[in-house]
Structures are given as structure tokens and as C-alpha cells.
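Residue numbers (our numbering): 34 to 788.
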């Protein structure tokens, strides 16, 4: 940007840089710091001087008395303030040696000491130490002076609204490196860049706009989730236009003492006007511009300070205090909380949404942050972008940085797909780990984090349910096709069926087919002890789903909160409030473009009528236990990498597993693999599969030994089952009769499903 012609502000920048050290020397904070340093050094010197520093060898008082009585003490000096005796004594070899002896500081002790020295005719003197006599008073006076200086400084700082070194506003001026940012460094926000480019052109060429009588907006509000690039966009505007950039957080305006925040606002805009053209960027403006309360108790303490700071901000943006060549850009992720006076025309004229990037945008951001990083040939940024549901620009930057760290840790020279997959998994799992650290976090619903997408190819044995769910996939992929012909797509789909039949798997498959975000939550997570907490979690969940659109919200076991409401006044108040909030979200009062709600239950008869009426859960999809062909297909899906023996007959296995759900069949295949590994075999045989079926349905064989009479009774009983099953119309053939006790059963007759 150094080639741009709009550089008349540079001399003022140099003057500002030259003058700022002189202004800093004249601030109260500078001189207060000098005085404080002098007082602290003086206090340290006084404390050091108060301590006794005798010379010579230390001799205890009893030894000193013995030496004095023998006449070995040659000279002595009594230090009155230190309570020490210094002098010389004669050793046994005739050599003189310096000594010091402490004594008890009292009039009687000093008198006895003088008498001892006089009686033994030892020359001595008494040092009154007049200087040390006043040091204890100084040790009390200096801390008092230090406290007075600090209090005086704080009073002056409060009146002037300044900081400790005179930086009154607390704003940070952008460095030259930050000013190099341009719109080329911003990806996945084309609409925001288009609108902000006008501001950059105005700051670069204000005369062209003035000739046409155009009035550029005084303020622009950027709103969106954290990490989506609001600060980056503001810096890019400054970089494109060459304007000065002042960055400050809204919380910096809120102080404990009333008036400081307003003074900081004035100082900030004064500095911005002196360095015009300039941009004032206020991050988290909701901290200072939250809706003001009315009535008693609405403005006390820090609330009054917040109101004064907001009023000063409004004054600076109005025509009463013109800010020619200065534009205010603010950022927030809570635009609904802002005061209405801030958003009226003439203040923040523009509001620009900065949303989470879609898949294409995520790919652009990853490519942007991959500059300068060596990528391996197998690195697929498009696949990473496809996996990174809901990640913001800051998250994607962290993905690339984490991948580089993983590659460096493994001593690689480039970043492979393995490191990229590991990095995106870490970043995706971070919010879930943080959620587990808090006991009552309202953020619920687990986003799909699996590396492998679930598609319809991974689902078997669900009959016609796939045909109905294909419509959801088509709508999420291309909603315009449905909207153009005026079709209202169902808002909710209810999956009904016994446990383990694949309801959750089906919902995941729809999300995988449509490449949509998948938010899974159990209805019991909405239930809390505190009234209102559950409904708040519902709002947060649907808000998160809208931010991740296209997305699917899957509520498992919805009967936990969707059961019929009773007329009891207090019995289920929290559950009913939660259900009411779900109904509101499903209604047309809240737009949810690109969001489909799916729920699962095995007790549809107890659901509240308001939940299943038209316009809410419009469709009910029944998922029954699989038939024989469905069971065979499910077994084939779960074979996976398991090596089956030549005698393993999945069709025959499907015939003896009547009544088992998809989850049961998956457990059968896994149990067979465990048995095979435990026995050291290389392949899964039919015998292992049949034993796995017995374990999955009956439990592990018991060690209880039956008597001959008991075995005969069990055999006759189970044979009766087989005879009756064969004799009834459309009966089943027996496969095997077992009299081995398993679980809670003493035997079993296995029947073949012939239908």
C-alpha cells in the first residue's frame, strides 16, 4: 500500500511520534513513578541501615565475661542502638583478634556491662549512634509518604481520566505490520468485503465523495460469531486506505469510578481526529453499549459509569462533535443486546453480518493460511474443509498451525493429510472438552466429529424409510428447487421404532448425504433442576444449528420431555417450559432456513398432541425390526474387515436371528470376532457366529450342572416349543434345541425364520 498517493497525513504522524515522548514526560504518572521509585529506594536503604553490622568474630556474652575477668579484653566499644560490643581481645597465642558480642538492650544490662569493663580496667567507649536513633522514625515516615503519593496520583488520574503512564484511552495504535493487511488477506466474506471497500475508498479519496455530496457512514457495525474475522476486516479497511487504526475493547471504557470511561472516549476520539484519516475499532461494543435500564435501580455503580461512557460515545458520533475523516467500526456477537440509540441513522448507519464460512469459504481460508507452509502431495484441503463443520476463520487458522506443529513433532519436512486430519479433529473436539469441564454449561448437542461420513450405503434393513429420508437430503442440498414451486418442506421428522433399529444412524446418514452439520442431543440433557435452564438450552441449540446451516438437529428419546402435559400446577414445570420452547422453535415465528429437526422415540403414544401436529413434526417415519433379508443386509454391512470362514452363512444366520435389531446384529458380529480372537483362530466360523447369537440373546453359559431329571424336563419343554412352532399355520422349522443353561434360561429352541 506504500504506492498509494494519499499520504498527506505522514508528516503529522512523524510529529505525533516525536511529540509523544515529551508529552509522556509531562504526565502525572511519570513524575509519580519517579517519586515512588525514590521513596522505595530510600526505604530500602533505611531498612538496611537499621540492621546491626558488627565486625570481627562473634563471641557469646558468657565467653566475653570470662575473657574480661581474665583481662584478655584489650579494648571495647559499646554500640548503644545496635546492642553490640565491639573490640579486640588477646588469644592464647598472644595474637589480637577483633570480636563482637550481642547483649540485652536495657538500662540494667548496659550498666552491668559498664561496671564489668570498669572493674577489670578495660578501656572502652560508648557510641550513642545518633544517626541510627532517627532511622526507626524514617522507617515509619517513608511508607506513609509512599501511600500519600499513590493516593494523590490516583485522585489526579481519576480527575484527568488518565492511566499510569498517561495513555488515557487505552487504545492501541496499529503497527506497520498490521497496516500491511488488505482485502486480499480476507477470505470467505465477499459481501462484507464489498460493503467495506466503500469505506476504504472514502478514507483514501475523501475529496471525490465530497464533490458528489455523498456522506459516508460514521459508523459500521460488524456482527457475527467470535473468530469469523471482524477484527481482520477492520484492519483490512485501514490497510487498504492507509488510515490510522486505533483498536480498543468495549470493556476498557467501563471502570469502577464514574467519569473515567467518558474521559477515555473523549481522549480516544481526540487522538483519532489528530491523526485523521483514521479508523476507531471498538471490539465487543456490547460491553459498553448494552441496552440501558429505566426506572429505579437501573443505573447504580458500574451501570452509571457504563451509561456515561455510552452517552459520550453517542455525543462523539453526533454532529455536535464532528469527526471528519474518522470512521468508527464496532464488532459484537450479541447485536440484540445493543442500545437502540446507538443503531439509529447518523451513528451506526450500516450493519454487516460476518457469518461462519460455508464449505467453499472454508476451503479458501485454509488455502490462505496454507501459504508458506509445505504441503505434501496427499494433502487435500477440500476434504478438510468438508469435515470442518461450523469452524470459523480463526479455528481454521488454528487447524493449519496445529497441523504444522504435528508435522514438526514427527520430524517431517512437509504437512501430510494425516497431520491435517489430526489437527481438525483436535480443533473440533476442543469445545466438547471445554463443555465437560463445566457442570452446568448451556451449550449442549454434540457435533459430528467422525472422520468417516455416514451415508445411506452404511444403512441396511430399514425398508422404505430411506426413500422418505431421501427428500430431506434433496432439500438440504438444493432448497431453492422446493421454494421456487412454493412447496413448504416439513420442519420436523419423527422416527418411531424399537430401540436399536438405527434411528440415530439414519439421521447421521441424512446429514452425511447432504454434507450438513449434525447436532445430536438426548432429550434428558434439557432437564434441569432450575426452572428456565432447559428452555435456555433449547434456544442455544437452535441458534447454534442456524449458525451451522445447513444442519440437522437430532433429539433422541424426545418422549423424555415431549410427553403429554398434565394439569398439575407445579409437577413438571421445567419440562413443560422446555417443551413449550421446542414448540416455539418449530413454529414459524423463528426462521430456520436450512435446519431440519429430527426426533426419535419408541413410545409415540405418550407424545403431546401439540408436538406432532401439522407444522411441527409433520412426518412420522416408522422403523421396524428388520425382516430376514434386512437382517442379512445388516450382517453384511457389519462384516467389514472381519475374515469369515467358508462355512459362515449369513443367510442362515439371518434365519435364526428373528426379532433382533440392527444394534443386536452388530453386537453379534463383534462378539463372534471376540470369540475368534480369544481362541486364537484366524477366521470367523459359523460355530462362532451361532455361539455369538446365543451370547447376545441368552447370555454367557452358566456353570450350573443340571441333573438328569432336570435335563429331561428342559428337553421335553423345548421340544414342545419346536413341535408347536412347526404345527401352527405358517410355522417355523426348528434349527437347534439347546439344554445348556445360559443367562436366566435353562434351554432354548432355535427356530428358522422361513418368511
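Glycine included, C-beta positions come from ideal geometry on N, C-alpha and C.
None of the values given here were measured: they were computed from a predicted structure.
Contact under 8 Å by Cβ, residue i with residue j
i: residue 278; j: residue 314; result: yes
i: residue 390; j: residue 582; result: no
i: residue 729; j: residue 697; result: yes
i: residue 104; j: residue 133; result: no
i: residue 526; j: residue 505; result: yes
i: residue 610; j: residue 567; result: yes
i: residue 456; j: residue 436; result: yes
i: residue 633; j: residue 616; result: no
i: residue 215; j: residue 260; result: no
i: residue 552; j: residue 585; result: yes
i: residue 666; j: residue 493; result: yes
i: residue 701; j: residue 725; result: yes
i: residue 629; j: residue 535; result: no
Residue from the options with nearest C-alpha to residue i
i: residue 257; options: 159, 577 and 523; result: 577
i: residue 641; options: 574, 116 and 591; result: 591
i: residue 346; options: 367, 702 and 372; result: 372
i: residue 324; options: 310, 450, 341 and 312; result: 341
i: residue 66; options: 180, 462, 168 and 132; result: 180
i: residue 398; options: 519, 309, 262 and 383; result: 262
i: residue 432; options: 446, 444, 442 and 414; result: 414
i: residue 438; options: 76, 683, 498 and 454; result: 454
i: residue 693; options: 673, 717, 668 and 712; result: 668
i: residue 255; options: 246, 243 and 268; result: 268
i: residue 178; options: 138, 72 and 234; result: 72
i: residue 635; options: 653, 379 and 647; result: 653
i: residue 150; options: 109, 248, 514 and 226; result: 109
i: residue 420; options: 461, 712 and 304; result: 461
i: residue 322; options: 300, 369 and 745; result: 369
i: residue 91; options: 135, 64, 84 and 68; result: 135
i: residue 495; options: 516, 533, 517 and 512; result: 533
i: residue 598; options: 639, 571 and 618; result: 639
Where residue i falls, given that 16 or more other Cβ within 10 Å makes a residue buried
i: residue 402; result: buried
i: residue 141; result: exposed
i: residue 185; result: exposed
i: residue 319; result: buried
i: residue 339; result: buried
i: residue 723; result: buried
i: residue 676; result: exposed
i: residue 106; result: buried
i: residue 41; result: Low confidence applies here, because residue 41 scores a pLDDT of 37, under 50, leaving its location unreliable and the question unanswered by this model.
i: residue 124; result: exposed
i: residue 476; result: In this prediction, residue 476 scores a pLDDT of 47, lower than 50, which makes its location untrustworthy; no coordinate-derived value is stated.
i: residue 131; result: exposed
i: residue 473; result: Note that residue 473 has pLDDT 42, beneath the 50 cutoff, so the model's placement of it is unreliable and the number below is only indicative. It is exposed - the Cβ of residue 473 has fewer than 16 other Cβ atoms within 10 Å.
i: residue 503; result: exposed
i: residue 297; result: buried
i: residue 446; result: exposed
i: residue 381; result: buried
i: residue 695; result: buried
i: residue 354; result: With a pLDDT of only 45 at residue 354, under 50, the local geometry of the prediction cannot be trusted, and the value read off the model is given with reservation. Exposed.
i: residue 70; result: exposed
i: residue 48; result: The predicted position of residue 48 is uncertain, since its pLDDT is 36 and thus under 50; no value can be drawn from it.
i: residue 679; result: exposed
i: residue 82; result: exposed
i: residue 386; result: exposed
i: residue 471; result: Confidence is the limiting factor: at residue 471 the pLDDT is only 42, short of 50, which leaves the residue's position unreliable, though a coordinate-based value still follows. By the 10 Å Cβ count, residue 471 comes out exposed.
i: residue 707; result: exposed
i: residue 245; result: exposed
Beta-bridge partners of residue i, as assigned by DSSP
i: residue 186; result: Residue 186 is not bridged to any residue.
i: residue 631; result: 526 and 587
i: residue 286; result: In the DSSP output, where bridge partners are listed per residue, residue 286 has none listed.
i: residue 323; result: 371
i: residue 654; result: 528
i: residue 663; result: Answer is none; residue 663 lacks a bridge partner.
i: residue 252; result: 361 and 381
i: residue 449; result: DSSP, once it has assigned bridges, lists no residue as partnering residue 449.
i: residue 677; result: 717
Contained alpha helix (DSSP H) runs [length at least 4] in the segment 76–155, N- to C-terminal order: 94–103 and 140–152
Length-filtered (4 minimum) alpha helix (DSSP H) runs lying within the segment 486–550: 498–510, 512–517 and 536–547
Contiguous beta strand (DSSP E) assignments of at least 3 residues, all confined to the segment 364–427: 381–386
Inside the segment 687–719 only - alpha helix (DSSP H) runs reaching at least 4 residues: 695–712
Within the segment 567–604, ranges of the alpha helix (DSSP H) (whole runs, at least 4 residues): 592–595
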